[in-house]
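To start, the structure itself, in structure tokens.
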Amino acid sequence: QIHLVESGGGAVQPGGSLRLSCVASRISSLTYTMGWYRQAPGKQRELVASITFGGITDYVDSVKGRFTISRYNIGDNTKITVYLQMDSLKPEDTAVYYCKPVELGSWGPGTQVTVSA
């Protein structure tokens, strides 16, 4: 059973930055495409950014140019670390952020991001 732990969320003013981290362990393959998702109150969960094993990235239009996803396989090759650098944050970025392999259905607890003045 994959284990997912997200961290790095918090409260920030509009225009600020946050860097989210995710560690995926007990993972059967290091080649999964990893994704960052978010769910705002009253809205469906959406895929915000993804990165393939080979480093190809994709972003939802609303975060292009502001968010950057990256990934690293930890030295013992049993874990994947995924980051989401979020710059020029807007109030509409407020949500709980989750990461997981795009191919799998497991979810971690997420980390709350709140952008407000």
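Residue numbers for the sequence shown, in my numbering: 1239 to 1355. Here a beta-carbon is modelled for each residue, glycine too, at the ideal position from N, C-alpha and C.
Inset, instruction - Say whether the stretch 1286-1293 touches the stretch 1256-1266, bearing in mind that this needs 3 or more beta-carbon pairs closer than 8 Å, one atom from each stretch. - result: no
Legend entry - Length at least 3, wholly inside the stretch 1284-1343: the beta strand (DSSP E) runs in chain order: 1284-1289, 1295-1297, 1305-1311, 1318-1324, 1333-1339
Legend entry - Nearest residue (CA-CA) to G1346, options Q1277, A1355, G1254, L1268: Q1277
Legend entry - Terminal residues of the beta strand (DSSP E) in which Q1350 lies: 1349-1353
Inset, instruction - Quick one: grab the DSSP three-state call for W1345. - result: coil
Legend entry - Helix, strand or coil at A1278 [DSSP, three-state]: coil
Inset, instruction - Would you mind reading off the limits of the beta strand (DSSP E) that contains G1248? - result: 1248-1250
Inset, instruction - Measure the alpha-carbon distance for S1245 versus Y1321 and round it to whole angstroms. - result: 10 Å
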